[in-house]
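Residue 317 is where the sequence shown starts when you use my numbering, and the numbers rise one by one after that.
All C-beta atoms in this analysis are idealised placements derived from N, C-alpha and C, irrespective of residue type, glycine included.
For reference, the structure is listed below as structure tokens.
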Amino acid sequence: MLKVRNLTSGYDRSQILFDMSFEVDAGEAICLMGRNGMGKTTTVRALMGLLPTWDGTIEFEGSRLDGLSAARVARQGLGLVPEGRQVFPNLTVHENLKVAAANRRGDPKPWTEDRVYELFPGLLERTDSYANLLSGGEQQMLAIGRALMTNPRLLILDEATEGLAPVIRDQIWDCIARLRGLGQSIVVIDKHIKRLLGVVDRFYVVEKGRTVWSGTAERVRAEENTVKQYLSV
Ligand SMILES: Nc1ncnc2c1ncn2[C@@H]1O[C@H](COP(=O)(O)OP(=O)(O)OP(=O)(O)O)[C@@H](O)[C@H]1O
Ligand SMILES: [Mg+2]
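See the structure below:
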């Protein structure tokens, strides 16, 4: 579904991505992991058309995304839950979901507000609350709901469990597992690898703007020490 090949990118003259290569199959959930500052969010920005691709290719469902504007990338069906949530603080839960709605590709079973509330029952009670009055966990659920309302072919979650209490994190992971059960293709960026082992199909380690290791959940378990070394400071 998504093929990233030898992607290089960065900010102005500062190169951050040197050789990013990874793939996502349809219906698969993959995880990008790596220490702070290794280029995971930069990779997401390049994928979404928020940063230019300097070299390499991004292919999505057979067509090239590199060189497209962020708006066109979104129209192709990439949905992002950005680092730091970024919901509209002065809109209610209902309004946040409503303004995000876009069934650009005519999905026959589009996401609706009701389906988002089914996924996150806690949000239903908060439908008329302003987003800035929600807890961190509720804001994160709303951010995921907003991305789903665009009916993404591929959903990308950048540190969706960052700063949340363990019990709330579990809810987010359960949600990711349920979405995957529905056939949603997903890219997760997260640090809690142990918990993700049961949720994600394959893992990639990102180091200094490159993918340096990849493997299935079984392989992560079998090569725990190698993986730990990549992730330890
Ligand atoms: N807007 C920016 N302008 C210049 N450099 C940036 C910018 N944003 C990030 N960087 C640099 O790019 C490098 C990679 O950052 P990035 O945010 O992609 O890392 P990350 O893997 O997502 O880290 P984290 O786990 O902390 O989220 C870092 O050295 C960072 O300082
Ligand atoms: Mg990041």
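- Contact annotation, Q392 with L381: C-beta distance approximately 6 Å; criterion of less than 8 Å satisfied.
- Across the structure, L439 and L366 are spaced so that their CA atoms are roughly 30 Å apart.
- According to the DSSP assignment, G453 belongs to no beta strand (DSSP E) but to the alpha helix (DSSP H) extending over G452 to L464.
- Rounded to the nearest whole angstrom, the C-alpha separation of L512 and V522 is 16 Å.
- The three-state reading of DSSP puts G395 in strand, counting E and B together.
- Relative to the Cα of D328, the nearest Cα in the group V360, N412 and W370 belongs to W370.
- Exclusion of the five residues before and after Y433 leaves L439 and L440 as the residues of its chain whose Cβ lies within less than 7 Å of its Cβ.
- Distance from the C-beta of D474 to the nearest heavy atom of ligand 2 is below 8 Å.
- For A416, the uninterrupted alpha helix (DSSP H) segment begins and ends at V409 to A416.
- Looking from the CA of G350, the closest CA among L363, E539 and Y520 belongs to Y520.
- Each of Y327, I332, N352, G353, M354, G355, K356, T357 and T358 has a C-beta closer than 5 Å to some heavy atom of ligand 1; these make up the full list, in chain order.
- Distance from D430 to V360 at the Cβ level is roughly 29 Å; contact not present, criterion being Cβ atoms closer than 8 Å.
- A direct Cα-Cα distance of roughly 27 Å separates G499 from E411.
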